[in-house]
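Heads up: the protein sequence lines correspond to chains A and B, in order.
Read in order, the letters of the first sequence correspond to residues 34 to 260 in this note's numbering.
Read in order, the letters of the second sequence correspond to residues 34 to 260 in this note's numbering.
There are 2 protein chains.
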Amino acid sequence: LAYLRGVCRHYRMGNSVVRALDGIDLDIETGEYWAIQGRSGSGKSTLLNLLGCLDRPTAGTYVLDGVDVSALSDDALSHVRSRSIGFIFQSFNLIPQLTVEENIEVPLFYQGVAPPESRRRARELAARVGLTERLHHRPTELSGGQQQRVAIARALVNDPAIVLADEATGNLDSATENEILAVMDQLHGMGKTIILVTHNAALTRHAEKVMVLADGRIESLRTRAEA
Amino acid sequence: LAYLRGVCRHYRMGNSVVRALDGIDLDIETGEYWAIQGRSGSGKSTLLNLLGCLDRPTAGTYVLDGVDVSALSDDALSHVRSRSIGFIFQSFNLIPQLTVEENIEVPLFYQGVAPPESRRRARELAARVGLTERLHHRPTELSGGQQQRVAIARALVNDPAIVLADEATGNLDSATENEILAVMDQLHGMGKTIILVTHNAALTRHAEKVMVLADGRIESLRTRAEA
Ligand SMILES: Nc1ncnc2c1ncn2[C@@H]1O[C@H](COP(=O)(O)OP(=O)(O)OP(=O)(O)O)[C@@H](O)[C@H]1O
Ligand SMILES: Nc1ncnc2c1ncn2[C@@H]1O[C@H](COP(=O)(O)OP(=O)(O)OP(=O)(O)O)[C@@H](O)[C@H]1O
Ligand SMILES: [Mg+2]
Ligand SMILES: [Mg+2]
Numbered sequence: 034l035a036y037l038r039g040v041c042r043h044y045r046m047g048n049s050v051v052r053a054l055d056g057i058d059l060d061i062e063t064g065e066y067w068a069i070q071g072r073s074g075s076g077k078s079t080l081l082n083l084l085g086c087l088d089r090p091t092a093g094t095y096v097l098d099g100v101d102v103s104a105l106s107d108d109a110l111s112h113v114r115s116r117s118i119g120f121i122f123q124s125f126n127l128i129p130q131l132t133v134e135e136n137i138e139v140p141l142f143y144q145g146v147a148p149p150e151s152r153r154r155a156r157e158l159a160a161r162v163g164l165t166e167r168l169h170h171r172p173t174e175l176s177g178g179q180q181q182r183v184a185i186a187r188a189l190v191n192d193p194a195i196v197l198a199d200e201a202t203g204n205l206d207s208a209t210e211n212e213i214l215a216v217m218d219q220l221h222g223m224g225k226t227i228i229l230v231t232h233n234a235a236l237t238r239h240a241e242k243v244m245v246l247a248d249g250r251i252e253s254l255r256t257r258a259e260a
Numbered sequence: 034l035a036y037l038r039g040v041c042r043h044y045r046m047g048n049s050v051v052r053a054l055d056g057i058d059l060d061i062e063t064g065e066y067w068a069i070q071g072r073s074g075s076g077k078s079t080l081l082n083l084l085g086c087l088d089r090p091t092a093g094t095y096v097l098d099g100v101d102v103s104a105l106s107d108d109a110l111s112h113v114r115s116r117s118i119g120f121i122f123q124s125f126n127l128i129p130q131l132t133v134e135e136n137i138e139v140p141l142f143y144q145g146v147a148p149p150e151s152r153r154r155a156r157e158l159a160a161r162v163g164l165t166e167r168l169h170h171r172p173t174e175l176s177g178g179q180q181q182r183v184a185i186a187r188a189l190v191n192d193p194a195i196v197l198a199d200e201a202t203g204n205l206d207s208a209t210e211n212e213i214l215a216v217m218d219q220l221h222g223m224g225k226t227i228i229l230v231t232h233n234a235a236l237t238r239h240a241e242k243v244m245v246l247a248d249g250r251i252e253s254l255r256t257r258a259e260a
């Protein structure tokens with residue numbers, strides 16, 4: 034499905050350079066379930082943003098579905114994203130002026146889906162993450178875990194082939210977290226590729242491949258059979 | 034130190050009422066270490082905001098240090114807060130235009146502490162949460178866990194008597210989380226009152242009292258000796 038070769042992401046800060054990613058080589062097959070772990074600041078979000086076409090490498094190659102992503106224009110990149118990638122942000126990125134229902138619905142408009150179909154699908158996803166009773170609340174009228182679940186529902190409403198989740202259960206109690214992980218398992222069972230960044234070691238049980246990052250590099254990578 | 038009697042917090046939404054807190058009775062002694070758990074949406078942040086004088090009950094009484102908080106003016110409330118309470122928000126609430134160092138320093142200015150003393154103390158707290166190498170970054174140039182640690186450092190820089198932490202380690206790997214919990218234990222050892230909202234059951238080991246909320250009410254409350 035995708036591969037990275039020598040991928041780097043640097044930030045210049047005055048006279049120094051922050052090497053958020055410092056040489057990543059990776060192969061991802063369609064339908065795999067990955068867990069990415071590592072210390073705070075080790076590069077997990079940076080890697081996920083690159084995989085999700087939200088950012089570009091400063092060096093190296095990223096090929097997705099046979100296309101060299103670094104060669105694409107911003108418009109083409111945005112098109113790839115909205116069509117095949119569902120991204121759950123570590124900081125949610127909900128639109129404050131829209132209700133829960135409207136926030137979930139937004140990605141469908143980009144795909145030319147309109148009411149009543151878009152509204153029906155948004156409500157279906159809201160039900161799946163337990164938010165039916167909050168459809169008309171705005172993000173500031175929700176608890177932290179409820180906001181996180183809106184972000185999850187929105188990422189899934191387009192039925193994306195690839196789901197990238199950046200610590201998507203960090204604000205959830207374990208019962209609710211298990212419900213979300215069951216949704217991820219379901220999606221995986223439907224053939225989707227799942228990549229979860231998580232600090233919770235227990236979540237790696239659901240994954241086939243577990244990668245640990247340290248200082249912008251891959252420290253270890255194991256397949257569950259060996260785990 | 035504090036007690037709550039019949040505390041309620043309601044929100045009117047059109048024709049319905051959301052009962053975020055629905056009758057809380059609670060006694061908190063100085064120097065205790067509490068853990069608050071419960072499902073997403075059960076009222077934890079709402080309770081913490083009330084305890085931290087960031088919000089007022091719609092009904093009931095909250096007495097802190099012998100003072101009926103509901104009787105205080107906004108100014109007086111704000112004064113109580115900045116002097117004795119350190120609050121770590123679930124969504125961090127950092128100031129985007131300020132650097133890490135400046136963000137940590139802000140509460141000191143309200144207490145009339147100025148550079149070089151304020152700068153020295155901000156750097157001391159930054160070191161304690163492992164952010165010495167990020168002092169001049171702005172929040173958008175930090176990882177999620179680094180932002181969370183700035184929020185922690187800022188809450189502690191005033192040496193508050195009461196520390197209220199709303200899921201303050203949800204974005205941290207377990208090694209970093211343990212470092213933060215060691216800081217909390219240290220503060221508790223100095224006689225401070227600690228109240229942690231957490232989804233991580235393992236964290237309740239550090240607490241003397243563990244409360245579980247459900248639907249805005251206290252479902253259970255146990256003291257560690259019985260645990
Ligand atoms: N401004 C508001 N208007 C209406 N309802 C609100 C508002 N703020 C919070 N709520 C509701 O109050 C309830 C309690 O919210 P609270 O933030 O205390 O939950 P929580 O236990 O902290 O959840 P989480 O674990 O997800 O952070 C939630 O159901 C939420 O939807
Ligand atoms: N715009 C930026 N400018 C400078 N440095 C940055 C910028 N964005 C991120 N960084 C740095 O890049 C490193 C990796 O960040 P990243 O967000 O990928 O970490 P992470 O593994 O997701 O951490 P966490 O677990 O805390 O979320 C961090 O040390 C961070 O300070
Ligand atoms: Mg991150
Ligand atoms: Mg909360």
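Ideal Cβ positions, reconstructed from N, Cα and C, are used throughout, including at glycine.
Among the residues facing chain B, GLY39 of chain A is not included, as its CB has no counterpart in that chain under 9 angstroms away. For GLU200 of chain A, the CB falls within less than 8 angstroms of some heavy atom of ligand 3. Beta-bridge analysis with DSSP links ASP248 of chain A to no other residue. By the Cβ test, the segment 184 to 201 of chain A is in contact with the segment 114 to 134 of chain A, since at least three Cβ pairs between them sit closer than 8 angstroms. If you check the CB distance, ILE213 of chain A and TRP67 of chain A do not come in under 9 angstroms. If you look at HIS43 of chain A, you'll find it in the beta strand (DSSP E) that goes 35 to 46. Contact between the segment 127 to 146 of chain A and the segment 92 to 109 of chain A is absent: fewer than 3 CB-CB pairs across the two stretches fall below 8 angstroms. By the Cβ neighbour-count rule, GLN70 of chain B is buried, with 16 or more other Cβ atoms within 10 Å of its own. Looking only at B:GLU241, B:TYR44, B:SER207 and B:ASP218, the smallest Cα-Cα distance to ARG89 of chain B is reached by B:TYR44.
Selection B:ARG72, B:SER111 and B:GLY56 evaluated against THR91 of chain B yields B:GLY56 as nearest (Cα-Cα). Within its own chain, the residues whose Cβ lies closer than 6 angstroms to the Cβ of GLU252 of chain A, once the five positions on either side in sequence are excluded, are VAL245, listed in chain order.
In the DSSP annotation of this structure, the continuous segment of the beta strand (DSSP E) that includes ASP55 of chain B starts and ends at 49 to 61. Per the C-alpha coordinates, the member of A:GLY39, A:ALA247 and A:HIS170 positioned closest to GLY47 of chain B is A:HIS170. For SER78 of chain B, no pairing in a beta bridge is given by DSSP. Beta-bridge partners of LYS225 of chain B (DSSP): none assigned. Of all C-beta pairs linking the segment 154 to 172 of chain A to the segment 196 to 203 of chain A, fewer than three are shorter than 8 angstroms, placing the two stretches out of contact. For GLN70 of chain B, the enclosing beta strand (DSSP E) stretches over residues 66 to 71. Measuring C-alpha to C-alpha distances from GLU200 of chain A to each of A:LEU37, A:SER111 and A:HIS232 identifies A:HIS232 as the nearest.
Counting C-beta pairs closer than 8 angstroms gives three or more between the segment 157 to 167 of chain A and the segment 202 to 216 of chain A, which meets the contact rule. Setting aside the 5 residues that flank it on each side, LEU83 of chain B is surrounded in the same chain by LEU37, VAL40, ARG42, LEU54, ARG89, PRO90 and TYR95, each with a C-beta closer than 8 angstroms to its C-beta; the list follows chain order.
Cβ-Cβ distances below 7 angstroms link GLU241 of chain B to GLU65, TYR66, THR256 and ARG257 in the same chain, with the five nearest sequence neighbours on each side left out; the list follows chain order. Between ligand 3 and the CB of SER207 of chain B, the shortest heavy atom gap is not smaller than 8 angstroms. Among the residues of chain A, none has a CB under 7 angstroms from the CB of GLN130 of chain B; the nearest is roughly 17 angstroms distant.
Under the three-state reduction of DSSP, ILE128 of chain A is assigned to coil, being neither helix nor strand. Shortest Cα-Cα distance from LEU220 of chain A to any of A:ALA208, A:GLY145, A:ASP206 and A:ASP192 involves A:ASP192. Relative to ligand 2, even the nearest heavy atom lies 8 angstroms or more away from the CB of HIS239 of chain A.
Look at HIS169 of chain B: its beta carbon is at least 8 angstroms from all of the heavy atoms in ligand 2. Counting the other CB atoms within 10 Å of its CB gives ILE137 of chain A a total of 16 or more, which places it among the buried residues. In terms of CA proximity to VAL113 of chain A, A:LEU87 leads the group A:PRO129, A:PHE125, A:LEU87 and A:VAL133. Across the structure, GLY224 of chain A and THR237 of chain A are spaced so that their CA atoms are roughly 18 angstroms apart. Contact residues of the segment 206 to 226 of chain B toward chain A are ASP206, SER207, ALA208 and THR209 (C-beta to C-beta distance below 7 angstroms). Only those residues of the segment 98 to 110 of chain B whose C-beta falls short of 9 angstroms from the nearest C-beta of chain A would be listed, and there are none. Taking CB atoms only, MET46 of chain A has a neighbour in chain B less than 9 angstroms away. In this structure, the C-beta of GLN181 of chain A stays at least 8 angstroms away from each heavy atom of ligand 3. Contacts with chain B (Cβ-Cβ distance below 9 angstroms) from the segment 53 to 76 of chain A involve ALA53, GLN70, GLY71, ARG72, SER73, GLY74, SER75 and GLY76, listed in chain order.
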